[in-house]
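In this note's numbering, the protein residues as written are 16 to 193.
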């Protein structure tokens with residue numbers, strides 16, 4: 016190495032892709048790609064006996080289990096608060112929602128959104144695989160739809176109501192095809 020040059024060391028944050036990053040990128044691609052690029056992306060979910068669908072479903076059940084545990088804990092806290100006579104106001108509800116997001120709700124919502132996008136793509140193999148895995152694991156489309164509806168209700172930053180409304184409409188259409 017030449018004098019005065021230092022070797023770059025890789026950042027440990029980017030050494031291994033994290034599921035939340037990958038899900039965010041996939042959701043964005045599915046939301047924004049059109050035509051041949053979208054078709055190429057969707058076809059990736061059918062390659063190697065639908066291994067990417069299988070991985071997506073693995074993540075779904077992992078995050079769903081985590082959310083169910085977090086929800087159970089939060090519901091217990093709410094029950095204790097009510098029993099003590101405390102009032103659960105909007106600020107407290109917002110705090111509970113933020114805790115749910117920290118526990119993995121946002122990633123679970125993205126995973127469900129991706130599931131809805133790929134199942135609405137008119138590629139029967141993908142839709143069949145998703146439904147098959149949900150049935151094998153004792154889950155249902157109703158749970159996925161509930162998670163996506165909650166995602167749609169909380170979408171946007173409150174500054175652009177037109178974006179929020181159009182995105183909610185688009186997600187509702189996805190749910191109809193799911």
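Each residue gets a CB set at the ideal place from its N, CA and C atoms; glycine is no exception. Keep in mind that this is a model prediction, so the values were computed, not measured.
Please classify residue i: does DSSP put it in a helix, a strand, or coil?
i           : result
residue 102 : coil
residue 81  : helix
residue 54  : helix
residue 70  : helix
residue 155 : coil
residue 60  : coil
residue 150 : helix
residue 170 : coil
Could you spell out the range, first to last residue, of the alpha helix (DSSP H) harbouring residue i?
i           : result
residue 184 : 176 to 192
residue 40  : 34 to 47
Straight-line CA distance for residue i to residue j?
i           : j           : result
residue 68  : residue 40  : 16 Å
residue 55  : residue 70  : 18 Å
residue 44  : residue 66  : 19 Å
residue 174 : residue 181 : 14 Å
residue 190 : residue 92  : 32 Å
Exposed or buried, what is residue i when buried is set at 16 or more other beta-carbons lying within 10 Å of its beta-carbon?
i           : result
residue 123 : buried
residue 113 : exposed
residue 118 : buried
residue 130 : buried
residue 178 : exposed
Could you pull out every unbroken alpha helix (DSSP H) segment of at least 4 residues lying fully inside the region 103 to 146, listed in chain order?
105 to 115 and 121 to 134
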